[in-house]
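Everything on this sheet refers to the single structure shown next.
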Amino acid sequence: MNLIHGESPRNPLEEQAFALLAQVYDPELGLDIVNLGLVYAVEVRPPKARVRMTLTTPGCPLHDAMAPAVERALERLPGVEAVEVELVWDPPWTPERMSPEARRALGWG
Numbered sequence: 001m002n003l004i005h006g007e008s009p010r011n012p013l014e015e016q017a018f019a020l021l022a023q024v025y026d027p028e029l030g031l032d033i034v035n036l037g038l039v040y041a042v043e044v045r046p047p048k049a050r051v052r053m054t055l056t057t058p059g060c061p062l063h064d065a066m067a068p069a070v071e072r073a074l075e076r077l078p079g080v081e082a083v084e085v086e087l088v089w090d091p092p093w094t095p096e097r098m099s100p101e102a103r104r105a106l107g108w109g
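Residue numbers (UniProt numbering): 1 to 109.
Dropping the structure here:
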């Protein structure tokens with residue numbers, strides 16, 4: 001499912017996936033990747049889960065650390081044995097993708 005702020009996941013496994021992804025933090029900003037708006041889409045069809053996401057910039061130093069963190073989080077879903085993380089740069093991330101809570105936490109709202 002594609003996620004736009006304000007939308008809800010459509011099935012229980014997707015809800016669980018987003019809850020698990022909300023426990024993955026960007027260590028530079030100290031906020032989770034869901035509220036930062038870095039997660040563009042999630043599809044869970046056991047035994048596989050797929051995530052399409054971005055980072056704040058293409059040169060982000062966390063590039064090599066973020067995908068494994070997402071994989072570890074989603075491997076905790078019932079029945080999921082493999083996780084595919086697709087890092088995309090189109091559309092590019094912008095601060096407008098952040099939740100209102102994330103904007104406030106960073107002093108942007």
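For each residue, glycine too, the CB sits at the ideal point set by N, CA and C. Just so you know, these numbers come straight off a predicted model, no measurement behind them.
- The secondary-structure analysis by DSSP pairs R45 across a beta bridge with K48.
- For M98, the secondary structure class from DSSP, reduced to helix, strand or coil, is coil.
- By the neighbour-count criterion, in which 16 or more other beta carbons inside 10 Å mark a residue as buried, D90 falls on the exposed side.
- Under DSSP, V70 forms no beta bridge with any residue.
- Looking at V24, G79, E101 and M66, the one whose alpha-carbon comes closest to that of L87 is M66.
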